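Remarks on the structure that follows.
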Amino acid sequence: MERREFLRCTAAGVGAALLGNGLSRALAAESPPERRNERPSMKYARLGRTNLMVSQICHGSLHTNKERLPLLARLYEGGVNLIDSSEIYGGGRSEEAIGEFLSQDNRRKSAFVITKMDIRAQLKAGAGVYQTAMARAAASLKRLRTDYVDILILHGCSTLIDWVTNEEWLRAAEDLKKQGKVRFIGLSEHAKPAEVLKLAAASGRYDVAMVAFSLIKGEWPGLGRTDIQAMDEALKIAKEKDIGIIVMKAALRAEEILAKVSEPKLRKAGFSTYQLCYRYVLGVPGVHAVVCGMSNMTHVEENLAVPGIDLAAREVDHLRRVAAASRVCGFCGTCLGACPNRVAVQDILRFHGYFTHGHRAHARAEYAALEPDRQAGACRGCGRCEGKCPAGVPIRLRLGEAHDALA
Ligand code: SF4
Ligand code: SF4
Numbered sequence: 010m011e012r013r014e015f016l017r018c019t020a021a022g023v024g025a026a027l028l029g030n031g032l033s034r035a036l037a038a039e040s041p042p043e044r045r046n047e048r049p050s051m052k053y054a055r056l057g058r059t060n061l062m063v064s065q066i067c068h069g070s071l072h073t074n075k076e077r078l079p080l081l082a083r084l085y086e087g088g089v090n091l092i093d094s095s096e097i098y099g100g101g102r103s104e105e106a107i108g109e110f111l112s113q114d115n116r117r118k119s120a121f122v123i124t125k126m127d128i129r130a131q132l133k134a135g136a137g138v139y140q141t142a143m144a145r146a147a148a149s150l151k152r153l154r155t156d157y158v159d160i161l162i163l164h165g166c167s168t169l170i171d172w173v174t175n176e177e178w179l180r181a182a183e184d185l186k187k188q189g190k191v192r193f194i195g196l197s198e199h200a201k202p203a204e205v206l207k208l209a210a211a212s213g214r215y216d217v218a219m220v221a222f223s224l225i226k227g228e229w230p231g232l233g234r235t236d237i238q239a240m241d242e243a244l245k246i247a248k249e250k251d252i253g254i255i256v257m258k259a260a261l262r263a264e265e266i267l268a269k270v271s272e273p274k275l276r277k278a279g280f281s282t283y284q285l286c287y288r289y290v291l292g293v294p295g296v297h298a299v300v301c302g303m304s305n306m307t308h309v310e311e312n313l314a315v316p317g318i319d320l321a322a323r324e325v326d327h328l329r330r331v332a333a334a335s336r337v338c339g340f341c342g343t344c345l346g347a348c349p350n351r352v353a354v355q356d357i358l359r360f361h362g363y364f365t366h367g368h369r370a371h372a373r374a375e376y377a378a379l380e381p382d383r384q385a386g387a388c389r390g391c392g393r394c395e396g397k398c399p400a401g402v403p404i405r406l407r408l409g410e411a412h413d414a415l416a
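Residues 10 to 416 in the working numbering are what the sequence shown spells out, letter by letter.
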């Protein structure tokens with residue numbers, strides 16, 4: 010990317026590092042939104058203060074490899090301009106495949122690229138954060154065959170919420186901005202969207218947040234910090250700070266949750282459960298885009314159709330009621346404090362979700378990486394967690410199923 014073009018495109022991004030966030034927001038508000046690869050059949054939203062007009066559908070790249078590039082090509086042809094990846098997906102193969110895609114037909118200039126950095130080990134150790142972040146960013150750029158990414162995301166902030174404001178990480182990210190290698194800074198979290206989002210907004214250092222949020226998190230009564238009220242409040246704060254919101258995990262365990270959808274119009278239209286879950290989160294005020302997974306061309310076509318689905322308020326209410334009755338884990342984390350044995354209920358059930366969606370090797374690897382005393386085998390069956398679970402999940406039963414599948 011040429012220097013002049015970079016400066017033109019990043020008034021808000023560089024401004025946040027050099028000029029302060031108030032001024033950078035003012036610059037973003039005055040600049041025309043930046044548009045890439047727009048097609049009439051897709052809908053676009055301004056991603057907060059980044060001023061990027063992103064497609065509501067974001068290409069999720071957890072399982073992307075070179076064989077799956079035709080799926081990405083079809084999405085791109087349908088107007089998708091937002092591509093999400095991570096250095097850890099496929100051990101770097103996802104970034105390599107996307108790099109190959111972007112290097113053809115001048116596509117780099119027609120897409121917004123996100124990658125995520127997983128430096129949890131360094132953050133946990135409190136050492137080597139800055140150096141590792143700079144080296145990892147260079148490696149990601151090489152795999153992606155580009156000299157900049159539009160958004161660099163700190164992966165998995167909910168593991169320890171203090172990481173959101175870790176100065177070494179933020180210094181590295183802001184130095185990468187100044188060097189023109191990163192345009193905007195973001196974070197991702199898997200379990201405490203409201204809590205993480207509030208902290209990110211208060212810090213004033215983040216342009217984008219990728220949050221795990223879904224139909225089930227939006228409905229269960231008594232869900233505590235991740236209920237719809239908490240999320241609503243967090244989204245309002247994010248809006249005040251003009252932070253872009255991308256939702257992920259919107260359809261995890263969708264089949265189980267929505268197996269009982271009976272709304273006549275929804276059935277007649279033949280929407281898939283994934284489409285309904287994606288469309289639901291896109292209808293939540295303050296959400297700009299949703300990360301969609303896909304493993305075949307049918308999924309791709311379904312995802313492309315999502316922005317055009319018209320959901321009435323009555324239908325949204327029906328979806329919420331069905332979700333409330335599903336007794337599926339929404340990964341709220343409420344049960345964690347109840348367990349005297351530190352069993353990682355939330356993560357174990359999430360890994361089992363990956364497994365049941367066919368990502369068996371990935372799920373087993375994640376489970377194997379848990380310390381033995383946090384695996385399901387450490388459960389003593391006391392039932393205290395079930396007493397706390399707002400969704401009424403039969404946790405002991407589910408842990409047993411997960412262990413049988415994953416161990
Ligand atoms: S039933 Fe198992 S996971 Fe639940 S609180 Fe007791 S030991 Fe922990
Ligand atoms: S089992 Fe219940 S309390 Fe625990 S993370 Fe899942 S929904 Fe939350």
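No residue lacks a Cβ here, since even glycine has one placed at the ideal position from N, Cα and C.
Here the structure is a predicted model, which means the values were calculated and not measured.
Secondary structure at Glu86: helix, using DSSP grouped into helix, strand and coil. When secondary structure is reduced to three states using DSSP, Val296 falls in the coil class, being assigned neither helix nor strand. Each residue's CA atom was taken as its position, placing Tyr376 and Ile357 some 7 Å apart. Residue nearest to Glu176 within the set Ser197, Gln131, Ala147 and Leu150 is Gln131 (criterion: CA-CA distance).
The Cβ atoms of Gln65 and Val402 do not sit closer than 8 Å to each other. In the three-state scheme derived from DSSP, where H, G and I count as helix and E and B as strand, Thr365 is classed as helix. For Val352, the shortest C-beta to heavy atom distance toward ligand 2 is 7 Å or greater. For Ser50 and Asp382, the gap between their C-alpha atoms comes out near 50 Å. Residue state for Thr307 is assigned as helix, using DSSP reduced to three classes. DSSP, reduced to helix, strand and coil, places Val402 outside both helices and strands of the structure shown, so it counts as coil. In terms of side-chain proximity, the C-beta atom of Gln355 is found nearer than 7 Å to a non-hydrogen atom of ligand 2.
By alpha-carbon distance to His68, the top candidate from Thr59, Pro79 and Gly213 is Pro79.
Relative to ligand 1, the beta carbon of Leu408 is positioned inside 7 Å of a heavy atom. In this structure Gln284 is buried. Its beta-carbon is surrounded by 16 or more other beta-carbon atoms within 10 angstroms. Around the beta-carbon of Leu313, 16 or more other beta-carbon atoms lie within 10 Å, marking it buried. Not a single heavy atom of ligand 2 lies less than 7 Å from the C-beta of Gly108.
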